[in-house]
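Undergrad: Chains as they are written, first to last, in this note's numbering: chain A, 1 to 768; chain B, 769 to 1536. C-beta atoms are modelled at their ideal positions from N, C-alpha and C, and glycine is treated no differently. Sharing a structure here in structure tokens format.
Protein chains: 2
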Amino acid sequence: MTRITWRPLLLTAALLSSTAPAWAGVPDRRPPDRPLGFGPATAITQAQLEARFDALLDPADQRAWLKQMSSAPNQVGSPHDKANAEFMLAQFRAWGWDAHIETFNVLYPTPERIGLSLLGPHPYTAKLSEPAVAGDATSTIRDGVLPPYNVYGGDGDVTAEVVYANYGMPDDYKELARRGIDVRGKIVLTRYGGGWRGLKPKLAQEHGAAGCLIYSDPRDDGFARGDAYPDGGWRPADGVQRGSVQDMQLYPGDPLTPGVGSTPDARRLAIKDAPTILHIPVLPISYADATPLLRALGGPVAPDAWRGALGLTYHLGPSTAKAHLTVQSHWNQQPVYDVIAMIRGASEPDRWIIRGNHHDAWVFGAWDPLAGNVALMAEAKAIGTLVKQGWRPRRTLVYASWDGEEPGLIGSTEWAETHARELQAHAAIYVNTDTNGRGFLEAEGSHSLQHMVNQVIDGVADPETRASVGQRLRARLEIAGAAPHATPPEKADAQLAAAGGDLPIGALGSGSDYSAFLEHLGIASLNLGFGGEDDDAGIYHSRYDSFDHYVRFGDPDFAYGVALSRVAGHIVLRAADADVLPLRFGDFSRTLDRYVGELHALVADMRKATARQHRLLDSGAFALVSDPTRPVRPPARESDMPAIDLAPLDRAARRLARSARAFDAAYARRAAGGFAMPAARRDELDALMAGMEQALTRPQGLPGRPWFKHVIYAPGMLTGYGVKTVPGVREAIEGRRWDEADRYAAITAGVLDGYRARLDRITAMLAQ
Amino acid sequence: MTRITWRPLLLTAALLSSTAPAWAGVPDRRPPDRPLGFGPATAITQAQLEARFDALLDPADQRAWLKQMSSAPNQVGSPHDKANAEFMLAQFRAWGWDAHIETFNVLYPTPERIGLSLLGPHPYTAKLSEPAVAGDATSTIRDGVLPPYNVYGGDGDVTAEVVYANYGMPDDYKELARRGIDVRGKIVLTRYGGGWRGLKPKLAQEHGAAGCLIYSDPRDDGFARGDAYPDGGWRPADGVQRGSVQDMQLYPGDPLTPGVGSTPDARRLAIKDAPTILHIPVLPISYADATPLLRALGGPVAPDAWRGALGLTYHLGPSTAKAHLTVQSHWNQQPVYDVIAMIRGASEPDRWIIRGNHHDAWVFGAWDPLAGNVALMAEAKAIGTLVKQGWRPRRTLVYASWDGEEPGLIGSTEWAETHARELQAHAAIYVNTDTNGRGFLEAEGSHSLQHMVNQVIDGVADPETRASVGQRLRARLEIAGAAPHATPPEKADAQLAAAGGDLPIGALGSGSDYSAFLEHLGIASLNLGFGGEDDDAGIYHSRYDSFDHYVRFGDPDFAYGVALSRVAGHIVLRAADADVLPLRFGDFSRTLDRYVGELHALVADMRKATARQHRLLDSGAFALVSDPTRPVRPPARESDMPAIDLAPLDRAARRLARSARAFDAAYARRAAGGFAMPAARRDELDALMAGMEQALTRPQGLPGRPWFKHVIYAPGMLTGYGVKTVPGVREAIEGRRWDEADRYAAITAGVLDGYRARLDRITAMLAQ
């Protein structure tokens, strides 16, 4: 589900270590560095282990598995979805893993009847289907392919005028209001992009719309980006992006079992009471089907930034003719099949290193999710071989291939909820991948893992340039920061890259299976994938996400599949075998300082913007610039801003900074000495360290959404995929809920103080 | 010729004076101020005169004149062009002016044969014509309408592959080179926008292209901006932008008589020796004709910013099939008819206030130039009535309606060159208009006029809002500066606007008839026009620039025509009747300081960018980020930057600042005393003041283009319309000609010292 083009690229980087082949003539700005968590002796053993692991990765494996697993529709409930799970189970077992399938029965609606037509003088009936295209073998398969739909939208039959609402995000409704356009009772036509899909019908519903359509404009992922499939990789006229519109900002997983696993005996909500299911009908459509609707729109010309690439003038509406939209679903229960494979740790079996990727798709899913899934399988095969050769991880490895990610992160969420207690007791790290492509590594995650990630990508070669993955990222940041219109953050990143420091990894929002681990259970997590040079956006969640597309426009020789196995595999192997867990809390503390700084800047900026808006309203400036032939009303007056008390956060961050510096120093001293300590103390130390991320959670969760318990990272209520850091405070400020901002500044500070106290205990143990 | 959408909007502003109707509820931030150049007593007389002038302006006049003058094609050499001149001559005389027509015979090529076709498997023959459209009466006229062409392109017959070069500007060729695309021997397909039209074929020629096409992309002025004509005002599929491609950055006017008037006895160059005529054929085309060529392009996908709004993927080429381009012109001499009308000044007949607008168009020219021309006529009629009622201007008025502006500012240039000596002796101010529309005033000019312009627009009501023209501009600047992505200059302007200070007027580049006055002769000039709410770009230089279009999408009730007459008329009347010429040199000095500051910033920025580029080249970063499937070569290495000596300019600007402050103070003291002084001294003072702008010229002119003599304002060699201030220095720096930059910093400083010495003489006279 993860990869979408408008999502900001979140980076991490480093440079050549001694094991990576050097890119000719490029000076090395970073001296090689002992891997975090290892002493001088174990570091050598580990380098040898990783070299053996690398040698066991064969791109031909990934190609063969991808072809087989994407050969038939494999969405939840399909025969091939189950077959893929069983195939993996057999493979894992053959590779020496202790594997099983864990099944959950969950609500999974599928379309019974969908329809869309334009009435009036130029009637049009939408095709709502994706034809076969030349050269794409699986596109001819019709058996078992569901029609394009948005799962968890409401049932409904609506005949109404159409209004165009751009990306359908909150600011778009403000612009419509300023132009006197009311969406109540209308069908809102939105385009993909600008924020998470599910927010579009949700916000349409909140604004009183009767229905919602979401189309793919060629500006965003079609011919305006590059040649359309099959000439190029971009979305053809009839391509449709399916996807979930479950209100996952409240909670992901089975809508009927919030917070608990969908086991046979779980208490289930009635469908009508499930708060994450929408009430209005919603349908995703192609631009071929959207064009007649757009042409039928009257009213003002849409603002500049709202216009797509279709050969017409975009108007806001309402339409001169009405449209008729029908969505009727089968509201069935379906099984999801999670494949779980374990190798028990030799000396710390109760510390688990978890690695996951989902296997269910919307149709064939060669890119999403199978490209990531076959990288995970390759790691598991190589690890199995290492075990057969006599190696055993210190800590326990858990490899998982989730089902039901596409409808709502269901397989991972139900498993995490079912095993919450064990996981909170044992899990140290969760490493996620999803789709994979060609180009640059995208890495996001818990910042205590930032240094390890930087070190790992210093030692993995980029297949195209033979520089390290980190060095290539560094070059990209430097080039971006040198662009004439580079933003201050881009310039700062470029400077960091040029100076050879660790590059920041992004924070996790949502959109893939790490959510339950990180945000519900408080397990330090990472999400990894290559991209930026491939053309995946154009087939995202369509019937054309196929093997044939992937080997032309994705990663033709699976070199980046192998690179992903290396990056994720090295992370897993280091986490598994480090003398002490490879976490550096100073990186978290410094990142937190940045977030707190951002909150202060946000308050200052909003205060200035509020004063400016009030001044402009009072002076009548908005009325003076409005063209009477195209009137735009003044914006609604923003509420006054009182003082906001971020001081508790400032103090907590300062205290944490001192403690984190002390930890980093004590850890480094211990590392130089090979972490020599009694096994029991090391176990205790590891247990405390593994639990650190949980110390960033709060049982009551975030305001209005108790499922999300992490007080530093959460998907934004109004961004969906996009992260909001320090969410209790940030979203309160952005939403102008001033009392809540003050309250959550104090609450978050309290959580951080608990985190610090635990960290001080660890530091004391290291100092012993 | 002036109005083009991609030209930056240059603003000036002020607020309500006591005479303007107040916009309800808007607080007045600027106290009324005595008009510059007037004493306490004459200020009252002047206010009464302006009120009488305003009452004589009738929008019905402008409507009737516009309809008649745009009723038939009126390009140079057409019967209706001559008829319009004769009609105006009769009008001016009837209104009491001393008027005549001055005729020049100039080179004016017209198409004999033009053709464009795509060869190969999908052949296409370009239409190269604009059909009639419903509701546009003159669009059915075919008699006397020339086919769309670019005047002063070369003759040629070329069959070659096509390459797409975006706007065809210098940076575009760098991008092509990085992608391995060579234009030598090819037909370069460019789109309108991004810089002056004439640079496109000139740069194509310099890069070795065999021919050049320029098309209008709907992204820039068609359906992507708004509904196409006749539904809306924007360019239809077959609309073509005609226009000159004469190399006017060398010199405008008749290509055969550089620097001298095209009188019968003038020495004329041979056509082949005229340096402003291109050698390769060039043709402007519609997007309907460009689409088959764009579809035929192979090669890489064009960079993001190069893609237009057509429903296709833009490629760079070369094309898979060749195109065949033919242009063959009649290289004839044609007469241009300048209408010149005068009213002799009562007390200072040797000081001339000149007001001009052209009357020739490309086809019917309702917008360009007639909307401005009828405002000028309305002023002349009202002034004639005032004279009949007994008023006489102190100084002499010259009203001119130029011919031949479209092919190359010919009528104004030849007249200015012919009368250079008289003009340099007598002319004090030149006030230009061209087209006119609806919305906000655009004002550019000599900065010694800035305060007068600010005061004038304080006293003219905006027709739509009943605020003053200045107040409306101020509101717009404040809103723009409050936008989330406002640039630092936008924020500074917003602050200035909110504080109620004078707003800066823009500097003049080229593109209308002020060029010869300001840049060749050194006469302080202004260019004025309303726009921003009208839809003129879509019919610019096409057959659809018609009366019917203008009254739907321009200024339907000619309220802005009357507002333009008021703004220009008040400026003329104040310049004519002020006790002493209304110039404030402190405004020029402060503006110069800004320009010198910009030069320092330019040097610093280029130095940083050069170092950055060298570092990125040395580290191999460009190679590391290049996608091997879409390779982009590293850019060419920029030359090293030595120290650049701007100190002479700094010192000259500092000295001038002191002198200008002394002048402003002395002038203000004299104004409070009603400028009481003997008539002869006042004449001498005025003569010195009128000549101040000439003190900014240098007989040798700018590097490589001696016709352009002003050392502060010039059109950019590589922008065409767009101004380059302190051009000798700025263009040398931008072109990395370091020695030339040093040399022209000293030369410009020398000119500024002469300007200052003259200013000191004036100040001494005021202090007497």
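Kindly give me the distance between the Cβ atoms of S216(A) and Y287(A), rounded to whole angstroms, as I take these residues to be in contact under 8 angstroms.
TA: Against the first sequence, residue 216(A) aligns to sequence position 216. Against the first sequence, residue 287(A) aligns to sequence position 287. That pair is a contact at about 6 angstroms.
Undergrad: Check whether the Cβ atoms of E102(A) and G459(A) sit closer than 9 angstroms, and answer yes or no.
TA: Taking the first residue of the first sequence as position 1, residue 102(A) is located at position 102. Taking the first residue of the first sequence as position 1, residue 459(A) is located at position 459. No, they are not a contact pair.
Undergrad: Are any of the Cβ atoms in chain B nearer than 9 angstroms to that of R637(A)?
TA: The count along the first sequence starts at 1 and reaches residue 637(A) at position 637. False, the Cβ-Cβ gap to chain B never drops below 9 angstroms.
Undergrad: Reducing DSSP to helix, strand and coil, say where W791(B) ends up.
TA: By 1-based counting over the second sequence, the position of residue 791(B) is 23. Reliability of the predicted coordinates at W791(B) is poor, the pLDDT of 38 falling under 50, and no value is obtained from them.
Undergrad: When you compare the CB of G193(A) with every CB in chain B, is at least one pair closer than 9 angstroms?
TA: The residue you call residue 193(A) lines up with position 193 of the first sequence. It does not; no Cβ of chain B falls within 9 angstroms.
Undergrad: Using the beta-carbon of each residue, which ones in chain A are nearer than 8 angstroms to G1079(B)?
TA: Position 311 of the second sequence, counted from the start, is the residue given in the question as residue 1079(B). Under the 8 angstroms cutoff, chain A gives P218, F223, A309, L310, G311.
Undergrad: Which chain B residues sit within Cβ distance under 9 angstroms of F622(A)?
TA: Taking the first sequence and counting its residues from 1, the one referred to as residue 622(A) is at position 622. The answer, in chain order, is A1243, I1247.
Undergrad: How far does the beta strand (DSSP E) with K1477(B) in it extend, from its first residue to its last?
TA: Reading the second sequence from its first residue, position 709 is the one you call residue 1477(B). Looking at the DSSP string, K1477(B) is not in any beta strand (DSSP E), and its letter there is neither H nor E.
Undergrad: Would you list, in chain order, the members of the stretch 1422 to 1441 of chain B that have their beta-carbon closer than 9 angstroms to a beta-carbon of chain A?
TA: Of all residues in the stretch 1422 to 1441 of chain B, none has a Cβ within less than 9 angstroms of some Cβ in chain A.
Undergrad: Nearest chain B C-beta to V26(A) closer than 9 angstroms, yes or no?
TA: Taking the first sequence and counting its residues from 1, the one referred to as residue 26(A) is at position 26. Here V26(A) scores only 47 on pLDDT, less than 50, and its place in the model should not be relied on; the value that follows carries that caveat. Output row for V26(A): interface = yes.
Undergrad: Can you tell me whether DSSP reads D1106(B) as helix, strand or coil?
TA: Taking the first residue of the second sequence as position 1, residue 1106(B) is located at position 338. It is a strand residue.
Undergrad: Closest to R1003(B) by C-alpha separation, out of A1482(B), G1484(B), H1309(B), R1358(B), would be which residue?
TA: Walking along the second sequence from the start, residue 1003(B) turns up at place 235. R1003(B) has its Cα closest to that of H1309(B), out of A1482(B), G1484(B), H1309(B), R1358(B).
Undergrad: Pick helix, strand or coil for Q926(B), following the three-state DSSP scheme.
TA: The residue labelled residue 926(B) in the question sits at position 158 within the second sequence. For clarity, residue 926(B) is Val in the given sequence; the question names Gln instead. It is a strand residue.
Undergrad: Run down chain B in chain order and give the residues with a C-beta less than 7 angstroms from the C-beta of R612(A).
TA: Within the first sequence, numbered from 1, the residue matching residue 612(A) stands at position 612. The answer, in chain order, is A1250.
Undergrad: Would you mind sorting R1610(B) into buried or exposed? The rule is 16 or more other CB atoms within 10 Å of its CB.
TA: What the structure shows of chain B is the stretch from 769 to 1536, and residue 1610(B) is not part of that stretch, so it cannot be assessed.
Undergrad: With 16 as the cutoff for other CB atoms within 10 Å, does E929(B) come out buried or exposed?
TA: As a first step, residue 929(B) is located in the second sequence; it is residue number 161 there, counting from the start. Buried, because 16 or more other Cβ atoms sit within 10 Å of the Cβ of E929(B).
Undergrad: For Q1096(B), name the three-state secondary structure that DSSP assigns.
TA: In the second sequence, residue 1096(B) corresponds to position 328, counting from 1. Strand, per DSSP.
Undergrad: What does T1233(B) reach in chain A if we use C-beta pairs closer than 8 angstroms?
TA: Position 465 of the second sequence, counted from the start, is the residue given in the question as residue 1233(B). Going along chain A in sequence order, the residues near T1233(B) (Cβ under 8 angstroms) are A623, L624.
Undergrad: I'd like to confirm the pairing. Which residues does DSSP put opposite Y1167(B) in its beta bridges?
TA: Your numbering for residue 1167(B) matches position 399 in the second sequence. The partner list for Y1167(B) (beta bridge, DSSP) reads A1109(B), R1123(B).
Undergrad: Under a Cβ-count criterion, where at least 16 other Cβ atoms within 10 Å of its own Cβ denotes burial, should S639(A) be classed as buried or exposed?
TA: Here residue 639(A) refers to the residue found at position 639 when the first sequence is read from its first residue. Looking at its Cβ environment, which holds fewer than 16 other Cβ atoms inside 10 Å, S639(A) is exposed.
Undergrad: Which residue or residues does DSSP assign as beta-bridge partners of K724(A)?
TA: Counting from 1 along the first sequence, the entry for residue 724(A) is found at position 724. DSSP lists A714(A) as partners of K724(A).
Undergrad: For G561(A), count the other beta carbons within 10 Å of its own beta carbon; 16 or more makes it buried, fewer makes it exposed. Which is it?
TA: By 1-based counting over the first sequence, the position of residue 561(A) is 561. With 16 or more other Cβ atoms within 10 Å, it is buried.
Undergrad: Got a sec: which bits of the stretch 932 to 945 of chain B sit with their beta carbon under 8 angstroms from any beta carbon on chain A, in order along the chain?
TA: Under the 8 angstroms Cβ criterion, the stretch 932 to 945 of chain B contributes no residue.
Undergrad: Listing by chain order, which chain B residues have their CB less than 9 angstroms from the CB of Q495(A)?
TA: Residue mapping note: residue 495(A) aligns to position 495 of the first sequence, counting from 1. Neighbours of Q495(A) on chain B: none; closest Cβ ~11 angstroms, over 9 angstroms.
Undergrad: To the nearest angstrom, how far is it from the Cα of V551(A) to the Cα of S70(A)?
TA: In the first sequence, counting from the first residue as 1, residue 551(A) sits at position 551. In the first sequence, counting from the first residue as 1, residue 70(A) sits at position 70. Going from the Cα of V551(A) to the Cα of S70(A) covers about 12 angstroms.
Undergrad: Give me the chain B residues within the contact set of G227(A), using Cβ-Cβ distance strictly less than 9 angstroms, ordered along the chain.
TA: The residue labelled residue 227(A) in the question sits at position 227 within the first sequence. According to the sequence as given, residue 227(A) is Asp; it is not Gly. By Cβ distance, chain B contributes V1069, T1081, H1083.
Undergrad: Helix, strand or coil for Y540(A)? Go by DSSP, reduced to three states.
TA: Position 540 of the first sequence, counting from 1, holds the residue named residue 540(A). In this structure, Y540(A) counts as coil in the three-state DSSP scheme.
Undergrad: When you compare each of A1275(B), H1083(B), S1169(B) to Q1218(B) by their alpha carbons, which one comes out closest?
TA: Translated into the one-based positions of the second sequence, residue 1218(B) becomes position 450. Comparing Cα positions, the closest option is A1275(B).
Undergrad: Excluding five sequence neighbours on each side, which residues of the same chain lie with their C-beta closer than 8 angstroms to the C-beta of H207(A)?
TA: Against the first sequence, residue 207(A) aligns to sequence position 207. Contacts found: Y173, V183, R184, V188.
Undergrad: In terms of residues, what are the limits of the alpha helix (DSSP H) holding F1298(B)?
TA: As a working mapping, residue 1298(B) is identified with position 530 in the second sequence. First-last for F1298(B): 1292 to 1300, but that is the beta strand (DSSP E), not the alpha helix (DSSP H).
Undergrad: Terminal residues of the continuous beta strand (DSSP E) containing Y430(A)?
TA: Indexing the first sequence from 1 puts residue 430(A) at position 430. From DSSP, the beta strand (DSSP E) with Y430(A) extends over 427 to 433.
Undergrad: Less than 9 angstroms between CB atoms is the rule here; does T1397(B) satisfy it with respect to chain A?
TA: The sequence position of residue 1397(B) within the second sequence is 629, counting from 1. Yes - at least one Cβ of chain A is within 9 angstroms of the one on T1397(B).
Undergrad: Cutting at 6 angstroms between CB atoms, please list the residues of its own chain near D770(A), excluding the five before and the five after it.
TA: Because chain A is modelled from 1 through 768, residue 770(A) falls outside the range shown and cannot be assessed.
Undergrad: Quick check on this structure: which residue in D605(A), D627(A), G704(A), D462(A) has the alpha carbon closest to the alpha carbon of E1301(B)?
TA: For the purposes of this step, residue 1301(B) is taken as the residue at position 533 of the second sequence. Nearest C-alpha to E1301(B): D627(A).
Undergrad: Scan the stretch 1329 to 1343 of chain B for residues whose Cβ lies nearer than 9 angstroms to a Cβ of chain A and list them as they occur along the chain.
TA: From the stretch 1329 to 1343 of chain B, no residue has a Cβ closer than 9 angstroms to chain A.
Undergrad: Please indicate yes or no: does the CB of D1136(B) lie closer than 8 angstroms to some heavy atom of the ligand FAD?
TA: Here there are no bound small molecules, and the ligand FAD is not part of this structure.
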